[in-house]
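Residue numbers (our numbering), protein chains in the order written: chain A, 284 to 397; chain B, 3 to 119.
Cβ atoms here follow ideal geometry from the backbone N, Cα and C, with glycine treated the same way.
Source: prediction; values computed, not measured.
Here the structure comes first, spelled out in structure tokens, and everything after it is commentary.
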């Protein structure tokens with residue numbers, strides 16, 4: 284079964300703080316994605332990657348950096364956190380095959396910026 | 003701009019009835035994939051069903067089926083014989099090819115389904 288693990292699951296930080304959200308997948312998938320979920324906005328794509336060392340810009344990238352260090356690990360970095368980045372963050376992975384990039388999601392990381 | 007639109011914010015239905023959730027999309031790709039995902043009350047997001055744009059037959063998966071109307075850029079999710087456990091948020095999604103190898107998956111805002119006993 285596909286496995287995507289996010290950490291931390293919950294995080295509270297102060298405005299201007301530095302936060303790293305981690306995601307690890309053990310599916311040997313090529314693609315990994317970071318989304319944020321906010322009421323009234325659904326899931327919005329922040330960054331994604333199709334392999335180690337690759338980074339693609341999503342639809343809401345401002346204030347976020349990301350890095351794909353290995354096939355398994357994808358990190359989301361908030362270097363100067365702001366209250367507008369309070370959100371529920373989801374990581375997902377997908378294979379590059381005939382599934383059309385069916386996504387397998389992690390459990391989510393809730394971030395609160397005070 | 004390429005986008006996915008779900009206009010129904012919330013739907014309530016009686017148990018054991020059939021419900022249809024709407025989704026329209028915009029894309030410049032000639033070949034694309036459309037998906038529906040379910041987010042349960044616990045927050046878990048799971049894949050339900052997929053439609054390949056080049057296939058004329060509507061996809062089915064258990065008590066889920068799709069109403070794919072390509073000329074209208076529409077992909078509706080149909081749930082038959084609804085159960086209380088179907089109460090959840092349903093997201094429509096589309097995969098587009100932004101660049102070679104760069105497969106971007108974007109989502110609609112979701113429809114909250116309430117199945118009433």
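Short of 7 angstroms from the beta carbon of residue 387(A), and not among the five residues preceding or following it, lie these beta carbons of its own chain, in chain order: 285, 287, 310, 375, 376 and 377.
If you look at residue 78(B), you'll find it in the beta strand (DSSP E) that goes 76 to 81. When C-alpha distances from residue 52(B) are compared across 28(B), 83(B), 14(B) and 107(B), the shortest belongs to 107(B). Per the C-alpha coordinates, the member of 384(A), 305(A), 366(A) and 357(A) positioned closest to residue 321(A) is 366(A). At least one beta carbon of chain B lies nearer than 7 angstroms to the beta carbon of residue 385(A).
Among the CB atoms of chain B, one or more fall inside 7 angstroms of the CB of residue 333(A). The C-alpha of residue 24(B) lies about 7 angstroms from the C-alpha of residue 79(B). Bridge pairing for residue 293(A): 393(A) [DSSP]. Taking C-beta atoms as the reference points, residue 362(A) and residue 301(A) count as a pair closer than 7 angstroms. Of all alpha-carbon atoms in 33(B), 68(B) and 22(B), the one lying nearest the alpha-carbon of residue 113(B) is that of 22(B). Counted as a single uninterrupted DSSP element, the beta strand (DSSP E) harbouring residue 69(B) occupies residues 66 to 71. Here residue 383(A) is buried: its Cβ has 16 or more other Cβ atoms, across all protein chains shown, within 10 Å. At a Cβ-Cβ threshold of 7 angstroms, residue 360(A) and residue 303(A) count as neighbours. When only Cα atoms are considered, residue 96(B) and residue 38(B) end up about 9 angstroms apart.
Here DSSP, grouped into helix, strand and coil, assigns residue 345(A) to coil. Rounded to whole angstroms, the gap between the alpha carbons of residue 389(A) and residue 396(A) is 21 angstroms. Contacts with chain B at 7 angstroms (Cβ-Cβ) do not include residue 357(A). Excluding residues up to 5 positions away in sequence, 313 lie with their Cβ nearer than 6 angstroms to the Cβ of residue 379(A) in the same chain. Around the CB of residue 18(B), fewer than 16 other CB atoms lie within 10 Å, so the residue is classed as exposed. The three-state reading of DSSP puts residue 368(A) in helix, counting H, G and I together. Straight across, the Cα-Cα distance linking residue 71(B) with residue 109(B) is about 18 angstroms. The Cβ of residue 326(A) sits closer than 7 angstroms to at least one Cβ of chain B. With distances taken between CA atoms, residue 305(A) lies nearest to 358(A) out of 393(A), 370(A) and 358(A). The Cβ-Cβ distance between residue 15(B) and residue 94(B) does not fall below 7 angstroms.
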